[in-house]
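K.L.:
Starting off with a structure, shown below.
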Amino acid sequence: MSNFVELSIAKAINAGLRKCMAENPKVLMFGEDVAQLGGVFRVTEGLHAEFGDKQIFNSPIAESGIVGTAIGLAMRGYRPVAEIQFDGFIFPAFDQITTQLAKMQNRSEGFTPMPIVIRVPYGGGIGAVEHHSESPEAYFAHTAGLRVISPSNPNDAYWMIQQAIESNDPVMFFEPKRRYWQKGPVNLDEPPMGPYQARVLREGQHLTIATYGPMVAVALQAAEIAAAEGTSIEVIDLRSISPIDFATIVTSVKKTGRLIVAHEDSTFVSVSSEVAARVAEEAFYHLEAPVLRVGGFDVPYPAAKLEEVFLPDADRILEAVDRSLAY
Amino acid sequence: MVQLLTPDGEYGVAKQWGEYAKYIDKLTEADFLKFYRDMARMRRFDKEAEALQRQGQLGLWIPAIGQEAAQIGSGYGVGHNDHIFPSYREHGVAITHGIDLMSILKMLRGVNHGGWNPEETRFHLYAIVLGSQVLHATGYAMGVKMDGKVGNGNLEDDLAVISYFGDGATAEGDVSESFLFAAINDSPIVFFCQNNQWAISSSVASQTKVPLYQRGAGFGVPGIRIDGNDILASYAVTAKHMDEAREGAGPFLIEALTYRIGAHTTSDDPTKYRDSAEVEYWKARDPLARFETFLRRQGIKQDFFDEVAEAGEKLSTEIREATFALPAPPVEHMFKYVYSEPHPLIEEQLEWLHKYEAGFGEAAHE
Chain A
54 MSNFVELSIA
64 KAINAGLRKC
74 MAENPKVLMF
84 GEDVAQLGGV
94 FRVTEGLHAE
104 FGDKQIFNSP
114 IAESGIVGTA
124 IGLAMRGYRP
134 VAEIQFDGFI
144 FPAFDQITTQ
154 LAKMQNRSEG
164 FTPMPIVIRV
174 PYGGGIGAVE
184 HHSESPEAYF
194 AHTAGLRVIS
204 PSNPNDAYWM
214 IQQAIESNDP
224 VMFFEPKRRY
234 WQKGPVNLDE
244 PPMGPYQARV
254 LREGQHLTIA
264 TYGPMVAVAL
274 QAAEIAAAEG
284 TSIEVIDLRS
294 ISPIDFATIV
304 TSVKKTGRLI
314 VAHEDSTFVS
324 VSSEVAARVA
334 EEAFYHLEAP
344 VLRVGGFDVP
354 YPAAKLEEVF
364 LPDADRILEA
374 VDRSLAY
Chain B
914 MVQLLTPDGE
924 YGVAKQWGEY
934 AKYIDKLTEA
944 DFLKFYRDMA
954 RMRRFDKEAE
964 ALQRQGQLGL
974 WIPAIGQEAA
984 QIGSGYGVGH
994 NDHIFPSYRE
1004 HGVAITHGID
1014 LMSILKMLRG
1024 VNHGGWNPEE
1034 TRFHLYAIVL
1044 GSQVLHATGY
1054 AMGVKMDGKV
1064 GNGNLEDDLA
1074 VISYFGDGAT
1084 AEGDVSESFL
1094 FAAINDSPIV
1104 FFCQNNQWAI
1114 SSSVASQTKV
1124 PLYQRGAGFG
1134 VPGIRIDGND
1144 ILASYAVTAK
1154 HMDEAREGAG
1164 PFLIEALTYR
1174 IGAHTTSDDP
1184 TKYRDSAEVE
1194 YWKARDPLAR
1204 FETFLRRQGI
1214 KQDFFDEVAE
1224 AGEKLSTEIR
1234 EATFALPAPP
1244 VEHMFKYVYS
1254 EPHPLIEEQL
1264 EWLHKYEAGF
1274 GEAAHE
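Residue numbers (our numbering), protein chains in the order written: chain A, 54 to 380; chain B, 914 to 1279.
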């Protein structure tokens, strides 16, 4: 009998971190305001009281310094988990992440692996000011040497953070911030699957939607509405966007013949571009319609009063469903 | 500025540097000879590497001529447990820590990007992105302190970290952030800035309003300037502050004032931006000649210098032959180390490449 508890995504990540920190004193948690405050989203709440300064501490507001010192700590045998407070604040660390973290294992010919997790609350929908609602995952998915994953539900959040910490490769862990408070069952005994596998969340016959992170809930909602109208939609949660589990997508497309890829990020040179290209290569003769993409517009993330227009909702997905089915 | 050896090779200690001179008092003649041998080795290596580049055997060379005292002296001031995070011009520091010089030439020939074992050699990989390694060194030093390896009075077990960077790198935010992180954590680290006065074509005067050794003060990192062409000052000041870092004194900044006699790299043309008179001025302050004068005054005979010259000839021949013999890396090398755990895209692309290349093989046989 498995041991289930009901947790929010934020609490599930917290529980996963707690478990790793308790099991291995070399697991360190640091970043801006993560200690006594528990982070601005309280994801690390209670961990400082439990583990103390030795394992969880606040960093100066210097993102390059946070990642650069994480690299040095990993060289010393630690397993750092660094929190970047908001998606839009990761760019001061972009150099350390892409030129150092991603390349150290390769540069050292395997002598210096980088067991580092960078946690990034990402995405919009919380009515925030500029730089607090972005989806920068494609920059990192484009960089060889990094792994990029994003949970969409509490059970995955609980297990994927642990799997990320166990990995000897650097993992960019994108947390869907507008879903932090979404609750669901967490199986405390058994991981659902490996962190780099996609999961078919809902089976369908007429069309496949592939998405990840905060958009999974939107895709499921769209599938529900479509079902009422007689359209059977298969929903795939990619879970990992580097590597991408293309096999699961291609298998689904070979069945349904139609694919929509959705995310909050702007569509130009995005995760959906890559999925569309790959599906065209591997399932060309199975496609009944072009692969369609539903994402943010190619504009800077707008001011909060316009974010509902920017962010794809179920209707935007259903509009694409109609276009696809019309072929 | 700490100077223990005048440009004329005269040993003399100003009163305020007495604590540093104690480190020189402990040196033996064998140590002095070792210093000289390695300075000469570094210079000979540099000249040979530049020649190899000019002959098309290396893609690039990064000369360090003029910086022998700063590097060999400080390199020997680093303890046997300590960790070193170099920039990309630290060939001399590499010599003091037993790095196979062919590892350096391999990189510059384009065979790989590093590849020696940093944990075992305690000499970390060359860093090309200026200042990036200073944060790694700082993180490492934070870890050393977390491990409780500081201030136990146990020299077999305690350790400190030293990070090398140039005057140009001090403009990078990563260096300032390193000062801050090291200061607030009281990390066991010495920041060793070789001020060779030129960042490619930018003079040091165009990059800083305050002397570089003062750069850490606002962060809580005290500093000192040394005569970087004086190997004894370089050795003693590094050794003392590494000892203190190991004992728990926190971070310290050393600015070694030296001069880049050569170009930034073999792609550079320094005649476009600096006077030959300036170069001549610094050539007359050659760190190697200064130390030779000192050694001769100490009674070291010509035999020794002949032996060093002979060793230089041998080194030249050896590295020349070894460079010619360096094999190109197999194509797998490009894929092998990207991730430490299996990755489907890497496997797929390597498999594709093998098939693609095999296709040419079949065509050739037809």
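Note that beta-carbon positions come from the ideal geometry of N, C-alpha and C, so glycine has one too.
1. Just verifying my parser: in three-state terms, what is the DSSP assignment at A:Pro229?
2. In chain B, what lies closer than 8 Å to A:Met128 by C-beta?
3. Quick check on B:Val1042 - is its C-beta less than 7 Å from some C-beta in chain A?
4. Quick check: what's the CA-CA separation for B:Glu1231 versus B:Leu1208?
5. So B:Asp1143 is in the beta strand (DSSP E); what residue range does that whole segment cover?
6. For the beta strand (DSSP E) holding B:Gln1107, just list the boundary residues, first then last.
7. How long is the line joining the alpha carbons of B:Leu1014 and B:Ile1008, rounded to whole angstroms?
8. Extract the residue ranges of the beta strand (DSSP E) inside the stretch 65-139 of chain A, only unbroken runs of 3 or more that lie entirely within it.
9. Is the shortest distance between the beta-carbon of B:Asp1087 and the beta-carbons of chain A less than 7 Å?
10. At what residue ranges does the stretch 210-288 of chain A contain a whole run of the beta strand (DSSP E), taking only runs of 3 or more?
11. Does the beta carbon of A:Phe147 sit closer than 7 Å to a beta carbon anywhere in chain B?
12. Comparing C-alpha positions only, which one of B:Val1117, B:Ser1100, B:Gly922, B:Asn1142 sits nearest to B:Pro1135?
13. Given a limit of 7 Å on CB to CB distance, which residues of the stretch 1256-1278 of chain B reach chain A?
14. If contacts are defined as beta-carbon pairs under 8 Å, then B:Gly1044 and B:Phe1094 qualify, I think. What distance do you get, rounded to the angstrom?
15. With 7 Å as the threshold, decide whether the Cβ of B:Tyr1252 is near any Cβ in chain A.
16. Is A:Ala263 close to chain B, meaning its C-beta is less than 7 Å from at least one C-beta of that chain?
17. State the DSSP-derived secondary structure class of B:Phe1036, mapped to helix, strand or coil.
18. Pick out whichever of A:Met128, A:Pro189, A:Tyr233 has its Cα sitting closest to the Cα of A:Ser161.
19. Please state whether the Cβ-Cβ distance between A:Val120 and A:Met82 is less than 7 Å.
20. Would you call B:His1004 buried or exposed, if buried means 16 or more other Cβ atoms sit within 10 Å of its Cβ?
21. Quick check on B:Leu1093 - is its C-beta less than 7 Å from some C-beta in chain A?
22. Whole angstroms are fine: how far does the CA of A:Pro229 sit from the CA of B:Met1280?
23. Quick test of the definition: if touching needs 3 or more C-beta pairs under 8 Å, does the stretch 234-242 of chain A touch the stretch 175-190 of chain A?
24. Report, in whole angstroms, the separation of the C-beta atoms of B:Val1088 and B:Asp995, which I expect to be a contact under 8 Å.
25. Step through the CB atoms of chain A and report whether any lies within less than 7 Å of the CB of B:Gly1129.
26. Please classify B:Thr1184 as buried or exposed, where buried requires at least 16 other C-beta atoms within 10 Å of its C-beta.
27. Can you tell me whether A:Ile218 is buried or exposed, with buried defined as 16 or more other CB within 10 angstroms of its CB?
28. Short of 8 Å in beta carbon distance, which residues of its chain neighbour B:Glu1279, apart from the five on each side in sequence? Order them along the chain.
P.N.:
In short, the structure shows the following:
1. strand
2. Pro1031, Glu1032, His1037, His1049, Gly1052, Tyr1053, Gly1056
3. yes
4. 27 Å
5. Looking at the DSSP string, B:Asp1143 is not in any beta strand (DSSP E), and its letter there is neither H nor E.
6. 1102-1108
7. 7 Å
8. 80-84, 109-111, 132-136
9. yes
10. 224-229, 236-240, 252-255, 260-264
11. no
12. B:Ser1100
13. His1256, Pro1257, Leu1258
14. Not really, about 13 Å apart at Cβ, beyond 8 Å.
15. yes
16. no
17. strand
18. A:Met128
19. no
20. buried
21. yes
22. The requested residue 1280 of chain B is not part of the displayed model; chain B covers only 914 to 1279.
23. no
24. Not a contact, Cβ separation roughly 20 Å.
25. no
26. exposed
27. buried
28. With a pLDDT of 47 at B:Glu1279, under the threshold of 50, the modelled position of this residue cannot be trusted; read the value that follows with caution. Result list for B:Glu1279: empty, nothing under 8 Å.
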